[in-house]
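Q:
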Amino acid sequence: SIASFSGDLSSLTAPPFILSPTSLTEFRICTLVWDPSQYWCERPELFAAIADAKDGEDGALAVL
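Number 169 in our numbering belongs to position 35 of the sequence shown; there are no gaps in the numbering.
1) In the structure shown, what three-state DSSP assignment does Ala-196 receive?
2) Along the chain, where does the alpha helix (DSSP H) that runs through Pro-178 open and close?
3) Tell me which same chain residues have a C-beta within less than 8 Å of the C-beta of Thr-165, skipping the five on either side of it?
4) Can you grab the Cα-Cα spacing for the pair Ile-184 / Leu-195, in whole Å?
5) Please report how far the alpha carbon of Glu-176 lies from the alpha carbon of Asp-142, in whole angstroms.
6) Could you tell me the alpha carbon to alpha carbon distance between Glu-191 and Leu-180, rounded to whole angstroms?
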């Protein structure tokens with residue numbers, strides 16, 4: 135772990151998605167399909183509706 139790392143910083147590695155120039159929040163991720171051409175905020179009204187949920191259950195459903 136980084137907390138106990140005591141070597142040369144150039145030897146640290148990271149998964150490709152961390153080193154990617156594109157943020158993961160720009161992608162819509164599905165368990166079966168990874169399609170970077172489809173962004174999470176294609177429909178911003180749905181994204182904003184999550185915060186307007188009446189309770190936790192409605193918020194969870196808005197995410198889905």
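Even glycine gets a Cβ: it sits at the ideal position worked out from N, Cα and C.
A: Based on what the coordinates show:
1) In this structure, Ala-196 counts as helix in the three-state DSSP scheme.
2) Under the DSSP assignment, Pro-178 falls in the alpha helix (DSSP H) whose first and last residues are 178-183.
3) For Thr-165, the predicted structure reports a pLDDT of 46, less than 50, and the residue's modelled location is therefore unreliable. A value from the coordinates is still provided. None.
4) Going by the C-alpha atoms only, they are around 8 Å apart.
5) Each residue's alpha carbon lies about 42 Å from the other.
6) Separation of Glu-191 and Leu-180 (C-alpha to C-alpha, rounded to the nearest whole angstrom) is 16 Å.
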